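Worksheet for the structure shown next.
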Amino acid sequence: MQAVRHVVCALSGGVDSAVAALLLRRRGYQVTGVFMKNWDSLDEHGVCTADKDCEDAYRVCQILDIPFHQVSYVKEYWNDVFRGRCHCHRSLRKNFTGR
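In our numbering, the protein residues as written are 2 to 100.
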């Protein structure tokens, strides 16, 4: 008896990750799709929101008949990634404009 090969595939809501999940499925893997929410939709002013991306990722999972999970890293992304970049940007701007 062969062991079931299970993988988790991060789905962005875009084509590349959807195709990756499809190819894994075709190769016989048991695939679980995961969407990582890294940004609060209330903070977005762009055209493509995280909510729309999540809906697209969910739809891919429905089409491929694989489980879907959403995890939220909004707080971690803000504290560990975005806030640090803002600080770095301010430091760079201060150094360049001060000369």
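C-beta: ideal position from N, C-alpha, C; glycine also.
This one's a predicted model, so the numbers in the text were calculated from it and none came from an experiment.
For A21, the CB contacts under 7 Å within the same chain, skipping 5 residues up- and downstream, are C10 in chain order.
A Cβ-Cβ distance of about 19 Å is found for the pair F83 and C55, leaving them out of contact under the 8 Å criterion. Q71 and K38 have their alpha carbons spaced roughly 7 Å apart.
Within its own chain, the residues whose Cβ lies closer than 6 Å to the Cβ of Y59, once the five positions on either side in sequence are excluded, are F69, listed in chain order. For V20, the uninterrupted alpha helix (DSSP H) segment begins and ends at 16-27.
Annotation for L25: V8, C10, V32 place their beta carbon closer than 7 Å to its own, counting only its chain and skipping 5 residues before and after. With a contact defined as Cβ atoms closer than 8 Å, V61 and L12 qualify at about 6 Å. In this structure, the alpha-carbon of Q63 lies about 18 Å from that of A51. Taking 8 Å as the cut-off, the beta carbon of I67 is found no closer than this to the beta carbon of G29.
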